[in-house]
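> If you scroll down you'll find the structure; I have some questions about it.
In our numbering, the protein residues as written are 743 to 1053.
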């Protein structure tokens, strides 16, 4: 079964009992973590339950493949369902997950977090097609998603926002759900104990047009292959005076981290290595060719975004 990320909170209110294996994947890592956590808490009520909750990473399972089945079929000492949360899955994790489909998982829910794997990858298709499986694609937030998050969090804090404030927040929050949620949490904490309505000055004091957020927007657009969004965020960052070399180095670190997680010799590993080479060559070009740094950086990131869009 495939469920859109926007529909998942409603699904949780009446989760089908036959669904025991959940795969969260897509370019929005923050939303992947948020929904996986929401599902886990909906089952247990808390993540501080050593008998009912366990986290495993893919590296652990690669070293001991039988452990996943052992944990998924174990019974909670306190009764009730257990949650087995698997983090860092990739498109190459299918063989590790597949044995679960033959097991009776009535006592456990398996929650799998994967990165930005293709919708037609073997892992996604396997989980979506399984009677006990649910696949949830987590795309980067669109304007309507950001609006809903803003209204949800401000409403919970009993804060009312004018259209002007909503517009400002929409423009200055990024596409990553976890980053946006943290920024809004900072705003609600800032307003605690303050009298009077929420003002644009209050919002600007907490949520500025920061280069830290800008670089996350650029990275997300690049890795998602969203050329239009990348052009917008690059223009915004360069106008603010952000460093092209700083952008390239930040992206290099992100690519290195993803390359390390990808299976050696896989298509994903080769693709990430190629993208990393583009950023490194661009950094050298910025330091040695005499061409404008912004033009070199823009061309490199656009090449990577186009390559990601074509995957």
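Just so it is clear, CB atoms sit at the ideal spot from N, CA and C, and this is done for glycine as well.
Can you tell me whether residue 769 is buried or exposed, with buried defined as 16 or more other CB within 10 angstroms of its CB?
Buried: at least 16 other Cβ atoms inside 10 Å.
> Near residue 744, which residues of its chain fall below 6 angstroms by C-beta distance, leaving aside the five closest residues on each side in sequence?
Counting only Cβ-Cβ distances below 6 angstroms, and skipping sequence neighbours, we find 870, 877.
> Which same chain residues end up closer than 6 angstroms to residue 1038 when comparing Cβ atoms and leaving out the 5 residues on each side of it in sequence?
Same-chain partners within the cutoff: 1024, 1027, 1028.
> Sort out for me which residues DSSP pairs residue 829 with in a bridge.
Answer is 799, bridged to residue 829.
> Would you mind working out which of 819, 849, 872 sits nearest residue 793, comparing C-alpha positions?
The option with the nearest alpha carbon to residue 793 is 819.
> Could you check whether residue 1044 and residue 972 sit closer than 8 angstroms to each other, using their CB atoms as the reference points?
Taking 8 angstroms as the Cβ cut-off, residue 972 and residue 1044 qualify as a contacting pair.
> Looking only at DSSP bridge pairs, what is residue 850 linked to?
Answer by DSSP bridge pairing, in chain order: 824.
> Between residue 1054 and residue 831, which are expected to be in contact by the criterion C-beta below 8 angstroms, what is the C-beta distance as a whole number of angstroms?
Residue 1054 cannot be examined here, being either before or after the span of the chain that is shown, 743 to 1053.
> Per DSSP, what kind of secondary structure is residue 1035 in: helix, strand or coil?
Residue 1035 falls in the helix class under three-state DSSP.
> How long is the line joining the alpha carbons of residue 847 and residue 814, rounded to whole angstroms?
For residue 847 and residue 814, the distance between alpha carbons rounds to 7 angstroms.
> So residue 1036 and residue 986 are in contact, right, with Cβ under 8 angstroms, and what is the actual spacing, rounded?
The pair is a contact, with the Cβ atoms about 5 angstroms apart (cut-off 8 angstroms).
> Is the CB-CB distance between residue 853 and residue 827 below 8 angstroms?
Against a cut-off of 8 angstroms, the Cβ pair of residue 827 and residue 853 comes out as a contact.
> Evaluate residue 875 with the Cβ neighbour count: other Cβ atoms within 10 Å of its Cβ, from every protein chain shown; 16 or more gives buried, anything less gives exposed.
It counts as buried.
> Which residue or residues does DSSP assign as beta-bridge partners of residue 744?
877, per the DSSP bridge assignment.
> Residue 763 lies in the beta strand (DSSP E); which residues open and close that run?
That run of the beta strand (DSSP E) goes 763-767.
> With DSSP run on the structure shown, which of helix, strand or coil describes residue 816?
In this structure, residue 816 counts as coil in the three-state DSSP scheme.
> Go to residue 927, then tell me how far its alpha helix (DSSP H) extends in each direction, as first and last residue.
Note, residue 927: alpha helix (DSSP H), 919-933.
> Need the endpoints of the alpha helix (DSSP H) that residue 974 sits in, please.
Counting along the chain, the alpha helix (DSSP H) containing residue 974 begins and ends at 969-981.
> Use the C-beta contact count for residue 750: other C-beta atoms within 10 angstroms, 16 or more gives buried, fewer gives exposed.
Label assigned to residue 750: buried.
> First and last residue of the alpha helix (DSSP H) that includes residue 793?
Premise fails: residue 793 is in no alpha helix (DSSP H) and is neither H nor E.
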